[in-house]
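To start, the structure under review is shown below, and the notes come after it.
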DNA sequence: ATGCCACACGTTATAGCATAACGCAATTGA
DNA sequence: TCAATTGCGTTATGCTATAACGTGTGGCAT
Ligand SMILES: [Zn+2]
Ligand SMILES: [Zn+2]
Ligand SMILES: [Zn+2]
Ligand SMILES: [Zn+2]
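Written as structure tokens, this is what we have:
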């Protein structure tokens, strides 16, 4: 799933997300890329779709926004459940991979004869920095 | 947080969700209630906001849709984490309350000095009925 | 009763998020 | 070369959610 090379639009969108300090909506990305020739939402959404497939961008469902992957290890779309801790104050997003959570959810699903395709775990709250202040 | 009595609008929205066989979007609810005098999205959103506060309706972030609570026990907004198993085929939603998941997430948050305000857990996939068929 | 407050409600308008549908251009691999 | 695939650009549209304003009602202290 990892791409050999990103297209120009994909690279621009990824770069925008990488330099951002908080999750960005597709339309915010669009605005930031107008100087680079972006004119329509689809240019952003199409890039985001691919980047998400590649596993280098994540969509945060509870925000309708996107972040560049900051996970220590690479992960494609099939490499397991990721939990996100999202600070409401500063926007910082931490990715958490935890086998215990994963196993437990798998167990709970199995018990119900439920076949899981995709799992979303998002914790909204306040990070250490913002709590200390 | 439990209300003494629901307002007319709240009761209508709740009833619509209770009779539905799958999560409904606010606009779908609006359409179903036009015959009862509903004309604008805000009538639905305001009712949904209250019902969600009361803990008798849940919002599914990954669907931008709402379900009536089917949980065996009542739960207000502060009564713990709920995981949802959502069938992509028939729309059936199962609510899962699991202390192990809850404890583990609390532990992971604590380790990162993260204070959690709200947690979203949603599994998308296929229920037993739909897998068997 | 009068004034005040809190709350639900109704309406209009607007903001924010996402995709459909069309056609063109570049790439790739027979 | 030809066909298939993929990305791209554009226009239009649809879906989701909230802002802002005003009305009406019920409770409650004065
Ligand atoms: Zn990641
Ligand atoms: Zn923070
Ligand atoms: Zn419930
Ligand atoms: Zn099903």
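Residue numbers (my numbering), protein chains in the order written: chain A, 1 to 133; chain B, 1001 to 1133. Backbone N, C-alpha and C define an ideal beta-carbon position, used for all residues, glycine too. Since the structure is predicted, the reported quantities are computational estimates derived from the model, not experimental observations.
Counting only the same chain and skipping the five closest in sequence on each side, list residues whose C-beta sits under 6 Å from that of residue 85 of chain A.
94 and 123
In the DSSP assignment, the beta strand (DSSP E) including residue 60 of chain A goes from what residue to what residue?
Start and end: 57–60.
For the putative contact between residue 1134 of chain B and residue 125 of chain A, defined by C-beta atoms under 8 Å, what is the C-beta separation to the nearest angstrom?
Chain B is shown only over 1001 to 1133; residue 1134 of chain B falls outside these bounds and no answer can be derived.
With a threshold of 7 Å on Cβ separation, who are the neighbours of residue 1006 of chain B within its own chain once the five nearest residues in sequence on each side are excluded?
1014
Those residues which DSSP pairs with residue 125 of chain A across a bridge:
A:87 and B:1116
heavy atom of ligand 3 below 8 Å from residue 1071 of chain B C-beta
yes
Distance cutoff 9 Å, beta carbons only. Does residue 1079 of chain B sit that close to anything in chain A?
Judged by the 9 Å Cβ criterion, residue 1079 of chain B is not in contact with chain A.
Let me check understanding here. Comparing Cα to Cα, which of A:45, A:8 and A:80 lies closest to residue 71 of chain A?
A:80
N-terminal and C-terminal residue of the beta strand (DSSP E) that residue 1038 of chain B is part of
Run containing residue 1038 of chain B: none; DSSP gives neither H nor E here.
May I ask you to report which of helix, strand or coil DSSP gives residue 1105 of chain B?
Helix at residue 1105 of chain B.
Relative to chain A, which residues along the region 1037–1067 of chain B have a C-beta separation below 7 Å, given in chain order?
1061 and 1062
Mind checking whether residue 1113 of chain B and residue 132 of chain A have CB atoms under 9 Å apart?
yes
What is the rounded straight-line gap between the Cα of residue 1047 of chain B and the Cα of residue 1069 of chain B?
15 Å
Closest by CA to residue 12 of chain A, which one among A:21, A:22, A:23 and A:51?
For residue 12 of chain A, the closest of A:21, A:22, A:23 and A:51 by C-alpha to C-alpha distance is A:51.
Closest by C-alpha distance to residue 1041 of chain B, when choosing among B:1096, B:1054 and B:1030:
B:1030
List the whole-angstrom C-beta distance separating residue 91 of chain A from residue 21 of chain A, where the pair is believed to meet the contact cut-off of C-beta under 8 Å.
6 Å
How would you list, in chain order, the residues of chain A whose beta-carbon sits under 7 Å from the beta-carbon of residue 1024 of chain B?
Listed along chain A is no residue with a C-beta nearer than 7 Å to that of residue 1024 of chain B; the closest approach is about 18 Å.
Identify each residue in the region 1090–1101 of chain B for which the Cβ-Cβ distance to at least one residue of chain A is less than 7 Å, and report them in chain order.
1094, 1096, 1098, 1100 and 1101
Residue environment, residue 99 of chain A, which counts as buried when at least 16 other CB atoms sit within 10 Å
exposed
Return yes when at least one heavy atom of ligand 2 lies under 8 Å from the C-beta of residue 126 of chain A, else no.
yes
Flag residue 113 of chain A as yes if its beta-carbon sits less than 9 Å from any beta-carbon of chain B, otherwise no.
yes
Mind reading off the beta-carbon distance from residue 65 of chain A to residue 108 of chain A? Whole number of angstroms is fine, and I expect it under 8 Å.
The pair is not a contact, with the Cβ atoms about 28 Å apart (cut-off 8 Å).
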